[in-house]
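The block underneath contains the structure these notes are about, expressed in structure tokens.
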Amino acid sequence: MQFPVLSVIVFTPIIAGLLILLLPAERKNEVRVVALAAAAFSLILSAWVYFSYNPVAGGYQFVENYNWLPALGISYIVGVDGMNAPLVLLTGVVMFTGVLISWGIDDRPREFFAFLFILASGVFGVFVAQDLFMLFFFYEIAVFPMYLLISIWGWVKTREYAAMKLTLYLFVGSVVSLVGALAMYFNSGLNTFNMLELARVGFSKDFQVFWFPFVFFGFAVLGGIFPFHNWSPDGHVAAPTAVSMFHAGVLMKLGAFAALRVGIMLLPEGAQTWKWLIMGLATVNIVYGAFIAMVQTDFKYVIGFSSVSHMGLVMLGFSTLTRNGLLGAGIQMFSHGVMTALFFAVVGMVYDRAHTREINQLGGFSKKMPLVAVAFIIGGLVSMGMPGLSGFVAEFPIFMGVWQVQPIVAIVAAISIVITAAYIIKIIGKVFFGPMSEDFEHHIGDVTTLDKVALVTLCVIMITLGVYPMVMSPLVASGVQRILSLFGGA
Amino acid sequence: MDIQSFEPSMLLAVLPEILLLTLAGIVLACDALWSEERKRNLGWLTAGGLALIIGISLLVAVPDLQARLVFGGMVQQDWLGFVFKLLFIFGAAITAMFAMDHSELGKRGEFYVLMLISVVGMSLMASAGDLVMLYLAIETTSIPLYILAGFMRKDAKSTESGFKYLLFGALTSTIMLYGFSLLFGLTGSTSLYGLESLFSKIQSVPAAMVVGSLVLILVGFGFKVSVVPFHFWAPDVYEGAPTPVAGFLSTASKAAGFAVLLRVLFIIFTPFALDYWPTILAALAVVTMTLGNLVALTQKNIKRLLAYSSIAHAGYILIGFVSWNVLGMTSVVFYLIAYLLTNLAAFGVATTVSRITGSDDIASYAGLSRRSPALGLVMLVSFLSLAGMPPLGGFIAKIFVFAAAVQAGYIWLAFIGVINSIFGLYYYLTVLKVVYLYRSDNDNQPIPISRPYALALGILSFGIILIGTFFGPWYNWAATAVSSIF
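Now the structure itself:
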């Protein structure tokens, strides 16, 4: 029997979280060290899984299968394919950098890391799940710690409101999908929640068309799809830095990924019927999100809405149901995850020192924290889709895919690139270069070494992927192949 | 089913009841003999004795898969009764530990004795095979509970609570008894299992008549499980009763009501099943969970909040009944197991906190997670389990119930349940917000947790997580219990 590496990845954070809870509350440094060790361990394992996945062989690898409740056909099945291997790596990266950046949290760090790690376990669990029941199980685990993390450690002004709004939105979405999933389970008559077997059932067209919107949009709420995106900027802004990173970097991918895996892959004919609606909404996401981001005066809201805009690209890629579109969406999930984690990390570093996020009051930070400025510029170029960086690798195939299906949508969506460039350049100009106000001149210093390590890690990943896309695209392509085979091997 | 003549092995069918009465006698004797300082140990004696009874029952009194009717048709020996008996006894053991350090209950032997007697009644309720036995069992359960609810004689609210419970209980039990007598008049039999065959033989009985008398019976059960519109007593009684008693009422007593409902519905209601019951039960389920959840939104007192939440949970459980299939009934039993642990934990935290703060207001929970991180965590586990979050028991239970509804084609009901659980999530989170987020002036004063509380809360939290992760064994137990009636 091979080493159960995926299970170890899934359970390392939660076990570490419980261990942390057992430490005495005042041993804050020990808590942080344990957290960092667990995060590093998860990162190493997820990188190992990512690089030892064999894209030529394709299919699910590292599969583990245990009975959970045989009477109802519930099993614990995990495995990675080309679609979720990058996301597992992404989670490892964001978890590791998130811990580095949260080093300074001083109010109950024990509880903070414990809840954050429970959330991380839920995220890993969803990404690797091949059983529908298990997917829901971990999905909810990934959602509820968010409430506590935001409401306890969040931004005082809006945290209660934002945390409750976020939790209720996501819970509504997930339970609506749940009913759809149960309908699939009973309709199949197979008495199994195994998604590979459910995918082979071939539900009737009427069934698929009826249930697809419930399942897809239920999950897509977490993916931030218009008009259910409203929780997301509020949540991002209210959350503490590491949680924003997790939230925008990983959790939103969780929604998109589950919508793909449960909605599109199990109900392909439903997806064919509804894809125009998804395409329309995703286009609204992209353009509207970018415009709203441009008019924000709060640094963090800009990034929050830019996430909404970029997640629209993922949904747009899905909606094409073509090889290029799905390939781009798969890479975009990873690329945007790293990029937005970087953005929120930078916002957090600036806010921690300036205690304001009003763009008009900030300025001149490149003098005080040059590395942060460089990192933000790299991230900004990624978000504009500059060639040579990961954003281009992701967005270019998406637009190609859309062009094949509906050129007008491609043109409209491409407008967003210009708007993105506008608001990113505006921020870079004002926050990092403009004149620094007198108040800041004296008491603002550079970021800590740990922060720098986190930023460099994220930047290196984006550049590597941009310069050498082959580290990811064959992998994702093999995953896309499997999705397309569900559509009759298109 | 033939009625067998007496043989000693029949005693195994009532072994838990015999042991419970023995334990009650021992506690009473110790209460008389022990000095005042030692009387706190009565709680350990009761809890330990109950744990021993669970152990002995598991060793020697496990029933066969084939059910049998014993003692002249009075008691049905089957898995359904057995599983519920263990559940009641477990609930009572935990309640005894919660009562130990309660200023008004802990050192009073009669408290433990009354509780044990009501557990005897519940056990018989779960296994009664005859209407007469059923009625006696219900009264044996209820009368000690009336006294327990009003146990704090000097406290006006507790007295009011006991009296209110008595009045409501007496009224509904009279109506139920009227239903029983109508059934007897129509068929000439009081045996539950005899009625089943009589219904099919007697063509002359008008269906409306039978259904009418069954509705009267439903009133009595509806009171026990606090289904709307028979729920009015619950918030007032829970608020006034000593907190451990309120926890016991909302869990063991409610489970007993559902145990009877399971048995009676499927034996004597089944002949009229498809015409009436799913519709009536669906209506009750919708009204119960919606009203419970909506009213709970505005509560300021933790015990009233838990009362309305427990009404809402009765509504979710009814969804399992509506689906009228094996999965539905299994999910009902599973739900009750998970719910009993969860709600006991919630009331346990309320007991522990009010002992120190002297208040049941939700506002007095501010800063709890700073004053006692452990209590905060137990609160988190129990409330998230009530809200239906994994990896906790409440999540699995809710999924099973909704799954049963979807399986039976009641998709609209599943959706209503789902919407309700969102309301539920809101007010559970509101309480957790107070616990984790708000600060109070006493943030630096830790809340001590005495040993029995620590033990009981530890067992419950562990159990909630265990049910939520390794749910296989519990599900199989529930399925076995249900197989004896289906």
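Chains as they are written, first to last, in the numbering used here: chain F, 1 to 490; chain X, 491 to 976.
Idealized CB from N, CA, C, for every residue including glycine.
Note that this is a predicted model, so its numbers are computed, not measured.
- Beta-bridge partners of F/Glu358 (DSSP): F/Asp298.
- By the C-beta criterion, the segment 67–80 of chain F is judged to be in contact with the segment 956–975 of chain X, since at least 3 inter-stretch pairs fall below 8 Å.
- Nearest CB-CB separation between F/Val33 and chain X: not below the 7 Å threshold.
- Counting only residues of its own chain and dropping the five nearest sequence neighbours on each side, X/Ile954 has a CB closer than 6 Å to the CB of Leu831, Thr832, Val871, Ser875, Leu882, Gly883.
- Think of a sphere of 7 Å around the beta carbon of X/Met779: no beta carbon from chain F falls inside it, the nearest being about 14 Å out.
- Looking at the DSSP output, X/Gln566 shares a beta bridge with X/Leu559.
- Using beta-carbon distances, X/Pro880 counts as an interface residue toward chain F, with a partner under 7 Å.
- Legend: CB atoms of the segment 140–168 of chain F lying less than 9 Å from CB atoms of chain X belong to residues Glu140, Ile141, Val143, Phe144, Tyr147, Leu148, Ser151, Ile152, Arg159, Glu160, Ala163, Met164, Thr167, Leu168.
- Proximity of F/Leu251 to chain X, defined by a Cβ-Cβ separation below 7 Å, is not satisfied.
- With respect to F/Leu260, F/Val123 sits apart: the two C-beta atoms are not nearer than 7 Å.
- Shown here, X/Asn966 sits in a helix according to DSSP, grouped into three states.
- A distance below 6 Å between beta-carbons, with the five flanking residues on each side excluded, links X/His721 to the following residues of its chain, in chain order: Ile801.
- In the same chain as X/Ile949, and ignoring 5 residues on each side of it, the C-beta atoms closer than 8 Å to its own belong to Ile584, in chain order.
- Contact of F/Phe171 with chain X is assigned, a C-beta pair being separated by under 7 Å.
- Considering only F/Ala290, F/Ile408, F/Ser102, the residue with the shortest C-alpha distance to F/Ala239 is F/Ser102.
- A Cβ-Cβ contact shorter than 7 Å links F/Gly79 with F/Tyr60.
- Burial of X/Gln567 is indicated by the presence of at least 16 other C-beta atoms within 10 angstroms of its C-beta.
- Excluding sequence positions up to five before and after F/Gly270, its CB lies within less than 7 Å of the CB of Gln208, Val209, Trp211, Phe212, all in the same chain and listed in chain order.
- Between X/Thr680 and the set X/Gly563, X/Val735, X/Gly782, the nearest pair of CA atoms involves X/Gly563.
- Assigned with DSSP and collapsed to three states, F/Gln2 falls in coil, not helix or strand.
- With respect to the C-alpha of X/Met819, the residue from X/Val701, X/Glu526, X/Asn966 having the closest C-alpha is X/Asn966.
- Pairing F/Ser151 with X/Leu915 gives a Cβ-Cβ distance that is not under 7 Å.
- In this structure, F/Pro86 keeps its C-beta atom at 7 Å or more from the C-beta atom of F/Phe344.
- Against chain F, the CB of X/Val908 has a partner CB under 7 Å away; the residue lies at that interface.
- X/Gly907 sits in a helix when the DSSP states are folded into three classes.
- Per DSSP, reduced to three states, the secondary structure at F/Ser75 is strand.
- Only residues of its own chain outside the window of five on either side were considered, and among them Val718 have a CB closer than 6 Å to the CB of X/Leu781, listed in chain order.
- Within its own chain, the residues whose Cβ lies closer than 6 Å to the Cβ of X/Ala840, once the five positions on either side in sequence are excluded, are Thr733, Ile792, listed in chain order.
- DSSP, reduced to helix, strand and coil, places X/Val552 outside both helices and strands of the structure shown, so it counts as coil.
- The shortest C-alpha to C-alpha distance from F/Phe217 to any of F/Gln2, F/Gly337, F/Ile264 is the one to F/Ile264.
- F/Ala40 and F/Leu313 have their C-alpha atoms roughly 30 Å apart.
- DSSP places F/Tyr66 in the strand class (E or B) of the three-state scheme.
- Under DSSP, F/Val80 forms a beta bridge with F/Gln61.
- Using a CB distance cut-off of 7 Å, X/Leu576 does not count as an interface residue toward chain F.
- Rounded to whole angstroms, the separation of the alpha carbons of X/Gly747 and X/Phe658 is 15 Å.
- With respect to the 7 Å criterion, F/Gly364 and F/Met436 are classified as neighbours on the basis of their beta carbons.
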